[in-house]
Each structure stands twice: as structure tokens, then as C-alpha cells.
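>
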Amino acid sequence: MATSLSSERQRTHTRPRLLGLALALGALLLGALSYGTWAWHIEGKPYRALAQFFFARQDMWVLDGYAAALALMAIWAWTLKSRPQSAYRRRSATGQTLAILLGIVAAVLVARLGRDLVFHGYSLSRDELMVEMAGAYLADGRIGWPIPPDWLAYKTAIQPEFYSPYGADTHWTAIYLPIHAAIRALFVRLGDASLAAPVTLAVGLLALWRIVRQLIPGRSDAQAITMVMALSSAQLLATAMTPYAMTSHFALDMVWLALVLRGGKLGHGLAALVALLAAGLHQWHFPLIFMAPFIPWLFACRNWRAGLFHGVVCILMMVIWARLWPMLLIHEVGPAPLSDVHRTNGIMDKLESLFGRLDSWQPLLNNARLFAWNNLLLLPLALLSLFAIRWRSFFREPSIILPLLAAVGLGMGFALYQGYGWGFRYMHGQIGALCLLAGFGWTAVTRPADRAAQRIVVAGTILSLLAGAWLLYDTERYVRGYGKAMSAIRSAKADVVLVDIRGGYYMTDLVRFHEGRMGRPVVMALQMLSFDQLDRLCKTHHIAIVDQDLFGPLGVHAIPSVFRGSQYIEARREHLAERGCGSAIEPAQ
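Counting with the numbering used here, you get residues 1030 to 1618 for the letters of the sequence shown.
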């Protein structure tokens, strides 16, 4: 089984022309992504959904800058003159290992600090809120929160969407699978839930470091390039500042690959366990996208037993999480009410959901966002990995580069609408594969320890870190208003806070529990309440109202307050005003 650079090309001379052409091609591709996305998704469109909004606000400018920088670097690379290898001294392996480990520690610290400094401890999306809720009830030894009898009639207004249909008339449970939430629950018990994602990121980075040392032995420079691509990824860092499950997908995908490459009964057995856990992180199809290409590669390497074994494991992943897990939920909290239309994690529901979203397939937009949030050299170096394959002996020693490319291609092709996301989060599990491809690409065009070529990487990484810092700065500016609005809601002297969503982006997501637990005040979506329910609330509780008069001045992104259905919210506000019920929460002076 070809698992190291022994089966790839070992270069004795740098190829500056090929490196320059790859950088020029990268400039053209990133420029085309930027322009194509603008022309397809932005220009002439009266309304911008979240992904389009963030592309026009952030990613487009980064991509244009990256394209210009790569064009200049292409000229720089073209003029490189390679000196004899003997003129350079090999770096200490111990020194490089220490630098990588310090980089991983720094990534953990940045991610944890960023949770407070960039995201203000606030989770923007309903996906993240489900993780918080599930982490809280799992830490409490439960499989869901029982709905308090006094609030049962208002359950949909308190939890408007993304809840599991199982037992939905008596319990609040997350629509997602439980393993990622269980990881968070562990850190809830340890006292800092926000540390879960940074630590998980470190696990993934350590596994990537283990993989690249096995796949590219003797090329410490290529190993360093691989890790630099990962450590400079603004997408990896920003996502680790959030409760999103994608950080766990990155980590377990890398651990799985490291164990498969280790081989032997122990390696493959542990890889199977990791695969089953990865499938249960939040949606079972994500690890399949990464793992599936390696099964035919194992067969091509004539490792028949391992290929067959992991094929069976993939089937078990679906059986356990698409069939057995729903059966457990039905046993513990009850079946889905006939009136509930939420989807389950069953195989047919999953396929119907995925095919139903093909109309929101956005390959240009999502992949533009992917490369804007990663190192500007990632794309051209990954493309160069094709030149690292020893094609003449391919059928005798199939290169691992091909399953890595296939995993990346599948991930980039799975370009459905993601809503919130810093980069393209559906590709998160494949970022490690992209970084490995970049390492292989580096070996295809440079000889070991070519310091002149390495200066291009240093310059590109500095530019990428500056771009990442700006992206995080602008993200903080966007999140700040939502965090302040949530703080105002939490400090309201009321029993119930009603959220009038008009005038702001995705304001229904303000309706949430506090740290995954129901508390006071109870936050409800005004549009989900009937007039009779409003009357009952007004009779028995002190009501406060949050609307654009609060969150507008706080900096929440404003959108038109008149839209299809907004008249029903206006009617409810008039009804409350007629009853003299509900005082608006005012911005702090």
C-alpha cells in the first residue's frame, strides 16, 4: 500500500516555471470565482441571502486581493534560481516539531479567546443553539428537556425550528445526532463549554501532523507547508470559536485517516470506532463524503480485507444512526406527533432532504467563500499535487493523492446553501485533505530545503494571516449587535420577552434558551403566537417586547421591515397595544 512519498516523485531540482504557472493559474481561478460569483449571485439581485451577503461584504474583497497577490507571486516564482541542495543546512527536526506544537497551542488559545472577543459568547445560528441545548441536557444526564407543563401550549413559539420530531409534544430534543453535543457536554461538566471546539481542533491538527509525517517522510519542509496551510486557515480558527459540529468532523476525519494509514488490526479496528462516532456527530452523511474515496483506494492497493471491512463499517454508520438512534429516541421520549412535519435522520428523509435542496446548489459561491477563508497558496499548491503522482507505477502502487483529491472534489461539489458559516463549513472535514494535497504539491515543484521558494510561502502566509485577521474583525462587527441585543433580552425585568423579527436579519434566532437551558425571561417568537395565546400571556405574566427600535441602534444588520407575512406580526403588535400589554425594551443609553 503506497502510503508515503516513496511512491511519489522525489525532486532533486526546483521547478520555478511550474510553480509560477501554478500560482498564475491560482490567480486566474480565484479571480474567476470572485467575478463569477458576483455575476451569478449578486449583480442585479434585489435581495441577498446570508451567504451572498457575506460574500459581498467580506469574501469578494479577499479573493480579489488574493488573485492580485498570486499574480505577483507567479512572477516572483518564475524568476527563482535554484541553488545546489548542499548549500543549505537541514533544520532540526526537534525544532520544527516544537514550532508545530506551539502553533497548535496558539490555535487553541486564539479559538478560545475568539469565542469571547469575536463572537461575544453568542451563537448566531439555530444549528449552534441545538448543540448548546443538547450539550446542556446530555451534561444533565438526559436525552432531552421535558417541556414544562405551564409552557406546553407555547412550545413552538419558544423553540420555533430545528427541534427533533420525536417526542415533540412532551420534550425538546435536538434534531441533530448526539456525539458532537456529547463532546460539548463533557466540557460543560468541566466548567467551560466554549473550550470544546478549540480542544477538538487541536486533536484534528495533531492527527494531521501525524499523517503528513507518515505520507511525506524525509521532507520536513513539505510537512511544515501542510501544517502552515492548516494553522493559517481562518475557517478552521473561526469555526472553532463556535459550537458548530464541523470542527469535530475535521478532527475525527483526520483521526480516522491516521488510524487507517497505521494499518493492522488495531489501526483498522480503532478507525471503525472513530467512523461510527463521526457519523453520529450531527449528520451521518458528512463523514461518508470524506471516507468513501479511500475504500476503492484500499481495494486498488490490494488490501481487500481492509477495504471490505470499512465498506461494511459505512453501512453500519447508516444503520446505527439512521435506524437504531431514532428507535432509541422513540423509546425514551416518544414517537413523532402526526402533526409534526420536521424531518428525521432516517435514510429516506435524509435523501429527500438533500435532493430537495438541489435548487440551492451554489458551487461558485460556497467554494469562493472556502478559498477566501484559507491560505491564498492552498489552491495552487493543491493543484500541483497532480504532478507528485508517479503515474508510470500508478497501477502497481496507487497513490493516496487520488482519494484525497476525490474527497476534496466531493466536498466542493456538495455545495448546498449553508446559511451562516465562516468560509464553507460543509467542506470543513476535507480541509485536512486539501492541506495534505498542498504538501504533496510542494514536493512536486521544489527540492528539499529550497529557502528561496520557501520565502514565497512565508509572504503568502503573512498576507493570508492579515486577511484572516480582517475577516475576523469584520465578523466581530457583524456579531456585536446580536450579542448586545441578546444581553438586553437576558437583563429584561420581565417574565416573557416577545421578539418582533421585522427589520433585522434572522431575528428569530434571538429566540433561544440561555446556555441551552430554559430560564427567565422566557423568549418567544411573536409571529408564532395566536391572539388567544397572547391574551393568556398578558393576563398571567409581565411581558416585554424586542423589536427593531432596540436591535437597530445596537448594530444588527437592517433589512426591510415589510415582507410577505409581516402584516400578521403588525396585527399582533396592534392587539398587544390595544390591551396595554408589553413594554418595549429600550437601548441602554
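Glycine included, C-beta positions come from ideal geometry on N, C-alpha and C.
Whole alpha helix (DSSP H) runs in the stretch 1213–1295 with 4 or more residues, listed along the chain?
Here the runs fully enclosed are 1225–1244, 1249–1260, 1263–1268, 1275–1291.
> Between the C-alpha atoms of Leu1127 and Leu1286, what's the straight-line distance to the nearest angstrom?
Within the sequence shown, numbered from 1, the residue matching residue 1127 stands at position 98. Within the sequence shown, numbered from 1, the residue matching residue 1286 stands at position 257. Near 23 angstroms, if we compare the C-alpha coordinates of Leu1286 and Leu1127.
> DSSP state of Ser1063, grouped into three classes?
As a first step, residue 1063 must be located in the sequence shown, where it is residue number 34. Helix, per DSSP.
> Compare the Cα-Cα distances from Val1528 to each of Glu1505, Ala1417, Met1515, Met1553 and report the closest residue.
Position 499 of the sequence shown holds residue 1528. The residue with the shortest Cα to Cα distance from Val1528 is Met1553.
> How many Å lie between Ile1359 and Asn1404 at the Cα?
The count along the sequence shown starts at 1 and reaches residue 1359 at position 330. The count along the sequence shown starts at 1 and reaches residue 1404 at position 375. Computed Cα separation, rounded: 45 angstroms.
> Out of Ala1514, Pro1355, Ile1530, Gly1293, state which residue places its alpha-carbon closest to the alpha-carbon of Gly1594.
Counted from its first residue, the sequence shown places residue 1594 at position 565. The option with the nearest alpha carbon to Gly1594 is Ile1530.
> Tell me the DSSP bridge mates of Met1102?
Here residue 1102 corresponds to residue number 73 of the sequence shown, with the count starting at 1. DSSP, once it has assigned bridges, lists no residue as partnering Met1102.
> Please list the segments of the alpha helix (DSSP H) lying wholly inside the stretch 1479–1554, counting only runs of 4 or more residues, in order along the chain.
1480–1519, all fully within the stretch 1479–1554.
> Is Tyr1449 near the ligand MN, judged by its Cβ being under 8 angstroms from some heavy atom?
As presented, the structure is devoid of all ligands, the ligand MN included, so that no description of it is given.
> At which residues does the alpha helix (DSSP H) containing Val1341 begin and terminate?
Working through the sequence shown from its first residue, we reach residue 1341 at position 312. Element bounds for Val1341: 1333–1347.
> Helix, strand or coil for His1297 per DSSP?
Along the sequence shown, read from residue 1 onward, the residue named residue 1297 stands at position 268. The answer is helix: DSSP assigns His1297 an H, G or I state.
> Considering just the uninterrupted stretch of the alpha helix (DSSP H) at Val1362, what are its terminal residues?
Taking the sequence shown and counting its residues from 1, the one referred to as residue 1362 is at position 333. That run of the alpha helix (DSSP H) goes 1354–1362.
> Out of curiosity, what's the CA-to-CA distance linking Leu1021 and Met1356?
Within the shown structure, residues of the chain are numbered from 1030 to 1618, placing residue 1021 beyond reach of any answer.
> Contact check, Gly1060 vs Ala1096 under 8 angstroms by CB: the rounded distance?
Within the sequence shown, numbered from 1, the residue matching residue 1060 stands at position 31. Within the sequence shown, numbered from 1, the residue matching residue 1096 stands at position 67. Yes, they are in contact, since the Cβ atoms of Gly1060 and Ala1096 sit about 4 angstroms apart, within 8 angstroms.
> To the nearest angstrom, how far is it from the Cα of Arg1155 to the Cα of Met1536?
Stepping through the sequence shown from its first residue, residue 1155 is reached at position 126. Stepping through the sequence shown from its first residue, residue 1536 is reached at position 507. If I take the Cα positions, the gap works out to 11 angstroms.
> If you follow the alpha helix (DSSP H) that Val1474 is in, where does it begin and where does it stop?
Position 445 of the sequence shown, counted from the start, is the residue given in the question as residue 1474. First-last of the alpha helix (DSSP H) with Val1474: 1460–1474.
> Let me know if Thr1475 comes out buried or exposed under the rule of 16 or more other beta-carbons within 10 Å of its beta-carbon.
Along the sequence shown, read from residue 1 onward, the residue named residue 1475 stands at position 446. Buried: at least 16 other Cβ atoms inside 10 Å.
> Closer than 8 angstroms by C-beta to Pro1582: which residues in its own chain qualify, once you throw out the five before and the five after it? Chain order, please.
Looking up residue 1582 in the sequence shown gives position 553. Taken in chain order, the residues that qualify are Pro1616.
> Out of Arg1421, Leu1290, Lys1294, Leu1153, which has the shortest C-alpha to C-alpha gap to Arg1506?
The residue given as residue 1506 occupies position 477 in the sequence shown. Closest by alpha carbon: Leu1153.
> Considering Cα atoms alone, identify which of Arg1565, Arg1519, Asp1479 is closest to Asp1250.
Looking up residue 1250 in the sequence shown gives position 221. Cα-wise, what sits closest to Asp1250 is Asp1479.
> Let me know if Thr1569 comes out buried or exposed under the rule of 16 or more other beta-carbons within 10 Å of its beta-carbon.
Looking up residue 1569 in the sequence shown gives position 540. Thr1569 should be labelled exposed.
> Is the beta carbon of Leu1463 closer than 9 angstroms to that of Leu1099?
For the purposes of this step, residue 1099 is identified with residue 70 of the sequence shown, where counting begins at 1. For the purposes of this step, residue 1463 is identified with residue 434 of the sequence shown, where counting begins at 1. Cβ atoms of Leu1099 and Leu1463: not closer than 9 angstroms.
> Using CA coordinates, which residue listed in Leu1181, Leu1394, Gly1609, His1149 is at the minimum distance from Gln1447?
Counting from 1 along the sequence shown, the entry for residue 1447 is found at position 418. Per the Cα distances, Leu1394.
> What separation, rounded to the nearest whole angstrom, lies between the Cα atoms of Gly1442 and Pro1392?
Stepping through the sequence shown from its first residue, residue 1442 is reached at position 413. Stepping through the sequence shown from its first residue, residue 1392 is reached at position 363. Going by the C-alpha atoms only, they are around 6 angstroms apart.
> Measure the C-alpha to C-alpha separation of Arg1218 and Glu1544 and round it to an integer number of angstroms.
On the sequence shown, residue 1218 is found 189 positions in, with the first residue counted as 1. On the sequence shown, residue 1544 is found 515 positions in, with the first residue counted as 1. Cα-Cα distance, rounded: 13 angstroms.
> From this set, Leu1413, His1149, Ala1435, Phe1469, which residue's C-alpha is nearest Ala1053's C-alpha?
Working through the sequence shown from its first residue, we reach residue 1053 at position 24. The shortest C-alpha separation from Ala1053 is found at Leu1413.
> Please determine, among Arg1291, His1209, Val1228, the residue with the shortest C-alpha to C-alpha distance to Arg1242.
Within the sequence shown, residue 1242 is the residue found at index 213, counting from 1. The shortest Cα separation from Arg1242 among Arg1291, His1209, Val1228 belongs to Arg1291.
> Using the Cα positions of Gly1150 and Leu1138, report the straight-line distance between them to the nearest angstrom.
Residue 1150 sits at position 121 when you count from the first residue of the sequence shown. Residue 1138 sits at position 109 when you count from the first residue of the sequence shown. Going from the Cα of Gly1150 to the Cα of Leu1138 covers about 15 angstroms.
> Could you tell me whether the stretch 1490–1504 touches the stretch 1250–1266, where touching means 3 or more Cβ pairs closer than 8 angstroms?
Enough Cβ pairs lie closer than 8 angstroms, so yes.
> Buried or exposed, going by whether 16 or more other CB atoms sit within 10 Å of the CB of Ala1587?
As a first step, residue 1587 is located in the sequence shown; it is residue number 558 there, counting from the start. Exposed is the call here.
> Could you give the first and the last residue of the continuous alpha helix (DSSP H) run that contains Ile1598?
Your numbering for residue 1598 matches position 569 in the sequence shown. Counting along the chain, the alpha helix (DSSP H) containing Ile1598 begins and ends at 1595–1608.
> Measure the CB-CB distance between Arg1601 and Phe1560 and report whether it falls below 9 angstroms.
To locate residue 1601, count along the sequence shown from 1; it is residue 572. To locate residue 1560, count along the sequence shown from 1; it is residue 531. It is a contact, given that the beta carbons lie within the stated cut-off.
> Looking only at C-alpha atoms, which of Thr1255, Val1289, Gly1296, Gly1309 sits nearest to His1278?
Mapped onto the sequence shown, residue 1278 falls at position 249. The candidate whose alpha carbon is nearest that of His1278 is Gly1309.
> Output needed for Pro1207: all residues of its chain with C-beta closer than 7 angstroms, excluding positions within five of it in sequence on either side, in chain order.
On the sequence shown, position 178 is the one that residue 1207 refers to. Here the set comprises Ala1163, Leu1167, Gly1309.
> Taking the C-alpha atoms as reference points, what is the distance between His1311 and Leu1558?
The sequence position of residue 1311 within the sequence shown is 282, counting from 1. The sequence position of residue 1558 within the sequence shown is 529, counting from 1. So the alpha carbons of these two residues sit roughly 30 angstroms apart.
> Write down the C-beta distance between Ala1488 and Leu1109 rounded to the nearest angstrom, noting that I regard them as a contact closer than 8 angstroms.
Translated into the one-based positions of the sequence shown, residue 1488 becomes position 459. Translated into the one-based positions of the sequence shown, residue 1109 becomes position 80. With 8 angstroms as the limit, Ala1488 and Leu1109 do not qualify as a contact, their Cβ atoms being about 13 angstroms apart.
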